[in-house]
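Notes follow the structure.
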C-alpha cells in the first residue's frame with residue numbers, strides 16, 4: 001500500500017508561488033495591517049452614554065459618546081476579569097464607562113480607573129487603566145486608529161481613499177457628503193473580500209443580477225488590460241496609497257463582451273458612463289459612478305480575525321438642501337440598498353465565502369493559478385505589501 | 001513593519017500574578033478537584049430500572065435505581081465499543097444495566113459483565129467489568145464520589161456545607177429538610193461560577209432584578225471588609241472545608257449603599273434580615289436567608305470539562321406536615337423558581353459565561369487585576385487550593 | 001494532590017490490542033482505502049449539463065453529464081482560487097464546466113483549461129488543467145475511481161459485491177436489475193458503519209423495530225458461530241474481495257433466541273427465509289433476502305473524511321416488464337424506504353454515531369473489548385487490511 005496524492009495538476013505558468021515573492025508581507029497579513037485607521041461602526045449606532053463593542057484585528061474596542069457628543073474609544077475588556085464593557089452598557093456619569101459586572105469605572109478619555117461602584121475607597125483606583133484608541137467621527141462613520149499603543153497615528157486622511165479631482169466623486173472630507181450604509185460580520189479573510197471588490201475578472205458572478213438587468217447597464221464579461229501597468233499605483237506623500245483601474249481610459253482597457261468558445265454574451269448597453277474601481281490602504285474600495293452615475297459606493301473590509309471581517313457597504317452622494325437629503329434617503333431605502341448592497345453584493349459575499357475554504361485549508365496564497373486577468377489583484381497586493389504599517393497578530397493565548 | 005501589542009496597560013498592584021502563588025493548585029484545577037463527592041442529578045430523575053447519564057470532571061457516569069429503590073453508579077461507557085449505556089436505557093433484570101448496542105450486561109453493584117444478550121456462553125463473561133462509583137441518595141439529590149478508583153472515599157458529610165448551629169439553616173442531614181431545584185449545563189469553567197456566587201463585588205448585576213425590587217429588599221452595591229480576615233475560613237476536622245462571609249457581623253463588614261463618583265444608589269430597605277454566603281469544597285454555595293429569611297439556597301457548580309459545568313440550583317426549607325410541604329411546593333413553582341432560580345440567577349449565568357472567554361483565550365488566571373473587594377474570592381481560592389484532594393484531568397486521547 | 005485515572009477496568013482477554021496486530025493497515029485507514037471504485041451519487045441526480053459535487057476520501061469531485069448522456073468526473077476545485085465548481089453549476093458549452101467565479105472553463109473529458117470567459121486570449125489557456133477521475137454509470141449509480149492519479153484502475157467489477165450463483169440475488173451487472181435508494185451524509189468514521197452493518201451482534205438495536213414486528217420476521221438476539229471460520233473470506237482473482245456470513249448454513253451458525261440471565265426473547269417466526277450478510281472491499285454491504293425474500297439491500301459507506309461518511313442505501317430487484325418496475329417503485333416508496341431505509345436503518349445510524357465519540361476521543365481502535373460475537377468483524381478487518389490498495393490521507397494543509 002502506498003500513500004495518496006494531490007487532486008490538481010498545477011503547471012507552473014500562472015502559479016502565484018513565482019509572483020508571491022513580490023508581495024511577501026501581504027501573504028503574512030492574515031489578521032490585517034496594524035497601525036491604520038479603520039471604520040468601527042456607523043455614527044448613529046452610538047448614542048450619548050451608549051457603548052458599542054467592535055473587534056478590529058483582534059482588538060476588542062468599546063466606542064462611547066459623551067454628553068457633549070464627542071466619541072471615545074477604549075479597550076473593551078475590563079481589567080478586572082476581562083469581560084466586555086459593551087456586553088451591557090453602563091455609563092452612570094459623563095465621560096465614564098462602568099463595567100456592568102463589578103462596577104470598575106473607566107474614564108472615557110484617559111482610560112483610567114476612576115472608581116469602583118461598590119468599593120469607592122479601593123486602593124486600586126487611580127493606579128491602573130485600559131488603553132485608549134484615537135478616534136474620529138466623520139461623515140457618518142466612526143474611525144479608530146488600531147495598532148501598537150506607542151505608534152504615533154498619522155492623519156486619518158492617509159487612510160481614506162484619495163480625493164478625486166477629475167470627477168464629482170463624493171469624498172469623506174467634502175462638507176456636503178451624505179452617506180448611508182450597513183455593516184455585517186462575514187466569514188472569510190479580509191483580503192479575499194478586498195480582492196473580490198477590485199477584481200475585473202469576477203464580473204461573471206454579476207452578469208444576471210437584477211440591478212444590472214433592470215438598468216440595462218453594460219456589464220462586460222471582463223476587462224482586458226492593454227498595458228502592463230493598466231492598473232495605476234497611487235502613492236500620495238502623507239496621503240492615500242492604493243491602486244485604481246482607470247476603466248475610463250480606453251487606451252488602458254478593452255472591455256470583453258463575448259467569448260466565442262462558450263455561448264455567453266454580455267448584456268445591456270443603455271447606460272454608458274463607466275464605473276471606476278480603486279482599492280486603498282488599509283482595506284477600502286471606492287467604486288465611482290456606481291450603482292448609477294454620480295453616486296460612489298465605498299466598501300471597507302475590516303479584519304476581525306484571520307477568518308472573519310466586518311463588511312461595510314456605504315453609499316455616498318452630496319447634498320446641500322433638505323430636499324436632496326430626503327431624496328437620497330428615499331433612493332437608499334428603495335433602490336441602492338435592496339438592489340445594490342443586498343441583491344448585487346450578496347453575490348460577492350457568496351464568492352468570498354466560497355473562496356475562504358481553499359485559502360484556509362489548502363494554503364491558497366501559495367496554491368493559486370493566476371491568469372492575465374489578475375493584473376489588478378497583483379498590483380493591489382504589491383501596493384499593500386509596500387505601504388502596510390505593521391501586522392495584527394492573534395491576541396489569543398490559548399492553544400485551541 | 002513591526003509586530004503588534006497587548007490591548008491593556010496592567011500596572012502591577014492588583015494583578016493576581018503576585019497573589020496567585022498563594023493558591024497555585026487552584027489555578028491548575030481546570031477540570032475540577034478529584035476525589036470528592038458531587039451531586040450527579042436529582043433523585044426524582046432516576047426511576048426504578050432507569051438510567052441517567054452524567055459527566056463529572058470528565059468521568060461519564062451512569063446512575064441507575066434497582067427494584068429495591070437503591071441507587072448505583074457505574075461507568076457510562078460500554079467496555080465493548082465505548083457507547084454510553086445511558087444513551088438508550090435498558091435494564092432487563094434487576095440490578096443490571098444492559099448496553100443497548102450489543103447487549104453487554106453489567107451488574108449495577110459490582111460493574112461486572114454478567115452476560116451478553118445475544119451470546120450467553122461468551123468467554124468474556126465474568127472476566128471483565130466497568131468501574132463503579134460510590135453513591136448516596138440524600139435529601140432529593142444523588143451524590144457520587146468521583147476520582148481515582150483506589151481512593152478511599154471519606155464520608156459524604158466532609159463535602160457538604162457545614163451544619164450551621166446559630167441559625168435555623170436547613171441542612172442536608174436534617175430529616176425534615178425539603179428541597180426542590182433544577183440543573184442546567186452551562187458554558188464556563190466551574191471556578192468562575194463558584195467565585196461569582198460567593199463574590200460580594202458582583203451585586204451590581206442584581207441591583208435592578210425583579211425579585212429585589214418586588215421585595216424592596218436592601219441590596220448594597222458592595223460589602224466592604226473591615227478586617228483582613230473578614231471572610232472566615234472554616235476547616236472542620238473530617239468535615240466541611242470552606243469560607244463564609246459573615247455579613248451578619250457588623251464588625252466584619254460595612255455595606256456600601258452609594259458611590260459619590262457615579263449617580264447610583266442601592267435600593268430597598270424594607271427587608272432587613274441579612275443573607276449570608278459561604279462556599280464549600282468541592283464546589284458548593286450556601287446562601288442563608290435567601291431568597292427570603294428562613295430559606296436556604298444551595299448551588300453546586302459541578303465541573304463537566306474545562307469549559308462547562310452543571311449548575312445545580314436548590315431551594316431548601318424544613319417541613320414536618322403535608323400542608324407545609326404543599327406550601328413549599330407552591331412557593332417554589334410560583335416564586336422561588338421563576339423569580340429566584342430563573343430571573344435573578346440568569347444574571348449570574350450571563351456574567352460567568354461572559355467571563356469565560358477571557359479566562360480561556362487570554363489566560364485570565366494570570367491576567368486579572370483584583371481589587372480590595374476580592375478578599376472573599378482570594379480566601380476561597382486559598383481554602384480550595386489547600387483542601388482539594390486531587391485534580392481531574394482530560395480523559396481525551398485525541399489531538400483535536 | 002495526585003493525578004487521576006482511567007474510568008474502566010480492562011482485563012486483557014477481549015481487548016483488541018492483541019488482535020489488532022492482525023489487521024494493522026485497517027486501523028490506519030481513517031480516511032478510507034484509496035485506489036478503489038466508490039459510488040459518488042445516483043445517476044438521476046446528474047442532469048445533462050448539470051454538476052454535482054461530492055467528497056470521497058478527501059477528494060472533492062465534480063460529476064457532470066454531457067449532451068450525449070455521458071458522465072464525466074473532474075476535480076471540484078477551480079485551479080485559479082480554489083472554489084468548488086459545483087457550488088453554482090455552469091456548463092455553457094457541451095463537455096465543459098465553467099467556474100462561476102472567474103469563468104475558468106474546463107474540458108469535462110480531459111480536465112484541460114479550454115478558455116476563460118472574460119479573458120479569451122489568456123496565456124494560461126491550454127497550459128493547465130484539473131485532474132480527471134475514471135467514472136462509470138451503472139444500474140442507477142455513478143461510480144468513480146478515486147486515488148493516486150497514476151494508479152491504473154482495475155475493472156469496476158473488482159470493487160462490486162460478488163455475483164452470487166446459488167441464489168437469485170440481483171447483481172449490478174444483471175441487465176434486468178432495478179434499483180432505488182437514497183444517500184445521506186453522516187457523522188462517524190466509515191469503518192464503524194461498515195462493521196455495524198455486518199455485525200451479527202448488533203441485532204438488539206433492531207429487536208423492536210416496526211418492520212420486524214409487522215412482518216413477524218424471526219430476528220434472533222445473536223448468531224453464534226460454530227466454527228472458527230464461520231465467516232467465509234472470499235477472494236476472487238481480479239474480482240471481489242470480502243467476507244460473508246453464511247447464515248444459510250446451519251453447520252456454521254446457531255441463532256440465539258433467548259438468554260436466561262435477562263428477561264428478553266427474540267420475537268417473530270412467521271418468515272423463515274434467512275437473510276445473508278456480506279461485506280466487500282472497499283466499503284459495501286450486501287444483505288440478501290432483505291427486507292423480504294428475493295430483494296437485496298446494498299449499502300455503501302463512502303468515506304468523506306475521517307469523521308464523516310456518505311451512507312448509500314439501495315434496494316435492488318430484477319424486472320423485465322414495465323408492470324414489474326411500477327410494482328417495485330410502489331413498494332419502494334410505501335414499504336422498503338419508510339420501514340426499511342428510514343425506520344429500521346435509523347437505528348443503525350444512531351448506533352454508529354454513538355460509537356464515533358469513543359473511537360475519536362478515546363482511541364477506540366486500541367481500546368475495545370471484543371467478544372466471541374466479534375468473529376465476523378475481525379474477519380472483515382483482516383480481509384480489508386489485506387486487500388485495501390492504499391490509504392486516503394487528509395488533504396488539508398492548515399493546522400486547525
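Residue numbers (UniProt numbering), protein chains in the order written: chain A, 1 to 400; chain B, 1 to 400; chain C, 1 to 400. Note that the Cβ used here is the ideal one computed from N, Cα and C, for glycine as well. Since this is a predicted model, take the numbers as computed values, not measurements.
{"Asked": "Chain A contacts from the segment 119-142 of chain C (Cβ-Cβ distance under 9 Å)", "Found": "119, 120, 121, 122, 123, 124, 125, 127, 128, 129, 130, 131"}
{"Asked": "Residue 254/C to residue 232/C span [Cα, whole Å]", "Found": "16 Å"}
{"Asked": "Burial state of residue 284/A (16 or more Cβ within 10 Å)", "Found": "buried"}
{"Asked": "Rounded Cβ spacing between residue 389/B and residue 107/B (contact assumed at less than 8 Å)", "Found": "So it is not a contact: roughly 28 Å between Cβ atoms."}
{"Asked": "Distance between residue 62/C and residue 132/C (C-alpha atoms, nearest Å)", "Found": "9 Å"}
{"Asked": "Below-8 Å beta-carbon distance, residue 408/A vs any chain B residue", "Found": "Look at the range of chain A in this structure, 1 to 400, and you will see that residue 408/A is not part of it."}
{"Asked": "Meets three-Cβ-pair contact criterion under 8 Å: the segment 114-122 of chain A and the segment 350-369 of chain A", "Found": "no"}
{"Asked": "Neighbourhood of residue 186/C by C-beta distance below 8 Å, restricted to the same chain and skipping five residues each side", "Found": "193, 308, 309, 310, 311, 349, 352, 353"}
{"Asked": "Beta-ladder partner(s) of residue 182/C, from DSSP", "Found": "313/C"}
{"Asked": "Beta-carbon contacts of residue 212/C that lie in its chain and below 8 Å, excluding the five residues immediately before and after", "Found": "206, 219, 267, 268, 344"}
{"Asked": "Chain-order list of residues whose beta-carbon lies under 6 Å from that of residue 150/A (same chain, five-residue window excluded)", "Found": "none"}
{"Asked": "Residues near residue 27/C by beta carbon distance below 7 Å, same chain, minus five either side", "Found": "20, 365"}
{"Asked": "Range covered by the beta strand (DSSP E) that runs through residue 305/A", "Found": "296-305"}
{"Asked": "Three-way DSSP call (helix, strand, coil) for residue 189/A in this model", "Found": "coil"}
{"Asked": "Three-state secondary structure (DSSP) of residue 235/C", "Found": "strand"}
{"Asked": "Residue 114/C classed as buried or exposed, judged by whether at least 16 other C-beta atoms fall within 10 angstroms", "Found": "buried"}
{"Asked": "Contact list for residue 315/C against chain B, beta-carbon separation under 9 Å", "Found": "Those within 9 Å of residue 315/C in chain B number zero; the least Cβ separation is about 25 Å."}
{"Asked": "For residue 323/A and residue 177/A, believed in contact at Cβ under 8 Å, the rounded distance", "Found": "Not confirmed; about 17 Å, so no contact."}
{"Asked": "Cross-chain neighbours of residue 369/C in chain B, by beta carbon under 8 Å", "Found": "79, 80, 124, 128"}
{"Asked": "For residue 83/B and residue 398/C, the rounded distance between their alpha carbons", "Found": "31 Å"}
{"Asked": "Sub-8 Å separation of residue 164/C and residue 383/C beta-carbons", "Found": "no"}
{"Asked": "Buried or exposed (CB count within 10 angstroms, at least 16 for buried), residue 183/B", "Found": "buried"}
{"Asked": "Under 8 Å between C-beta atoms of residue 369/B and residue 128/A", "Found": "yes"}
{"Asked": "Cα-Cα separation between residue 180/B and residue 277/B, rounded to whole angstroms", "Found": "19 Å"}
{"Asked": "Beta-carbon proximity of residue 145/C to residue 160/C, cut-off 8 Å", "Found": "no"}
{"Asked": "8 Å Cβ cutoff, residue 381/B in contact with chain A", "Found": "no"}
{"Asked": "Alpha helix (DSSP H) segment containing residue 353/C, residue limits", "Found": "345-361"}
{"Asked": "For residue 255/B, the first and last residue of its enclosing beta strand (DSSP E)", "Found": "253-256"}
{"Asked": "Residue 48/B burial status per 10 Å Cβ neighbour count (16 or more: buried)", "Found": "exposed"}
{"Asked": "Chain C within 8 Å of residue 355/A, Cβ atoms only", "Found": "yes"}
{"Asked": "Given residue 224/B as reference, the closest of 141/A, 240/A, 123/A, 225/A once Cα atoms are compared", "Found": "123/A"}
{"Asked": "Three-state secondary structure (DSSP) of residue 172/B", "Found": "coil"}
{"Asked": "Closer than 8 Å to chain C by CB, residue 116/B", "Found": "yes"}
{"Asked": "Proximity to residue 167/A [Cα-Cα], best of 89/A, 248/A, 221/A", "Found": "248/A"}
{"Asked": "Local conformation of residue 245/C per DSSP, three classes", "Found": "strand"}
{"Asked": "Residue from 287/B, 228/B, 239/B with nearest C-alpha to residue 197/B", "Found": "287/B"}
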